[in-house]
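Structure, as structure tokens:
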Amino acid sequence: MSYYKVKTQGCFLFLMIIVFSNSAAESVSLCGGPQAMLAVVDRPTIADSPCTVGVGHAIFEGGFQLQKQIGSGHSQQFPSMVFRVGLPKENELFAFLPNYFHQSEAPSSGLGPTGIGYKHILHYTEKWLLTFDTLVTPPSGSVNYGSQGLGGIVNAIYNYNFSDSLSFTCQLGYSSQTESELSGGHRFASLNPDAFLTWSLSDKLQLFGEVYGQSKTGVGQGSGYATQFGLVYLLAKNMTVDVEVGKRLSGLIGNFENYLGAGMAVQF
């Protein structure tokens, strides 16, 4: 995921307007029901779910990814841990812990940045949802995998349900992030498009296919795109497990050629 430079005063005012607006009711039908966990969970897609965590509930999400890097070598990253808390009026706060990276080539290991974010459902009908979320990452992580300066991202997320079993989600983000200290700590901005289809094979099993990218994958670099496919299984009413495979299509996005991932989410 890429990040944005945030103008604090303007962003704070915008968030307060959203929080106290009445544009969304207390319950969103597309995010509810016995299989609500499948709609609410963010992973394993790169795009976020348009649904917020229910008020009074919290979700832990985490996973592991094994990558074959561009050229040669391989890398691993985990735990991809995200903690999400539901608030009234379709609001949500979330935070993610630093990822641990280990690869076969130098620099061999290190920690990624941490961050905190906010999500709100702007409007919805029986067929579609429109959601906003934002993420701020302070200078954090190790010198070789972290972020030297303040970064952030702002996303607009749209979801349309064609039927009870087929839905389409797209996300457009704008980000600003800094390289690690070891790479020079330079800043770059990017537009980040994403789209995926979800097909429910049963009440407990979903398949998805996703294409995502960045207009700029790094300082002095061009665009990059990748695709991934996978499944999500509702193991219990409050728990999902997932597995996914991804492939680079163009550019230097993520510095991977392909990857295999797996994870889970639990709601309390």
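Take the sequence shown: its letters are residues -24 to -1, 1 to 244, numbered as in mature numbering (1 follows the signal peptide of the UniProt record, and there is no 0).
The beta-carbon is built from N, C-alpha and C at its ideal position, and this holds for glycine as well.
- Here the segment 61 to 71 does not lie against the segment 41 to 53, with fewer than 3 beta-carbon pairs under 8 Å apart.
- One thing to note: T203 has its Cβ within 7 Å of the Cβ of K223.
- Check the Cα spacing between D24 and each of P74, L126, Q124, N131: the tightest is with N131.
- Nearest Cα to I129 within the set Y94, S139, Q182: Y94.
- In terms of Cα proximity to L6, the closest of D140, G239, Q243, T154 is D140.
- Comparing alpha-carbon positions, the option among A71, F59, T110 lying closest to G91 turns out to be A71.
- Annotation: the segment 45 to 70 contains no complete segment of the alpha helix (DSSP H) (minimum length 4 residues).
- In the structure shown, the three-state DSSP call for N231 is helix.
- Counting every other CB atom within 10 Å of its CB across the protein chains shown gives V195 a total below 16, marking it as exposed.
- Residues of the same chain with a CB within less than 7 Å of the CB of P114, apart from the 5 flanking positions on each side, are L126 in chain order.
- In the structure shown, V31 adopts coil according to DSSP, grouped into three states.
- One thing to note: L106 has its Cβ no nearer than 7 Å to the Cβ of Y136.
- With a threshold of 16 other beta carbon atoms within 10 Å, L14 meets it and is buried.
- By alpha-carbon distance to G122, the top candidate from Y150, L142, F138, S85 is S85.
- Its Cα nearest to that of L167, the residue G198 stands out among S156, G198, P20.
- For S5, the three-state secondary structure derived from DSSP is helix.
- Residue pairing by DSSP places Y134 opposite L106, C146 in a beta bridge.
- For L14, the enclosing alpha helix (DSSP H) stretches over residues 12 to 16.
- Between Q124 and G88, the C-beta spacing is not below 7 Å.
- DSSP places K95 in the uninterrupted beta strand (DSSP E) bounded by 91 to 100.
- The three-state reading of DSSP puts G161 in coil, since its state is none of H, G, I, E or B.
- Per the coordinates, the alpha-carbon of G38 lies some 15 Å from the alpha-carbon of Y209.
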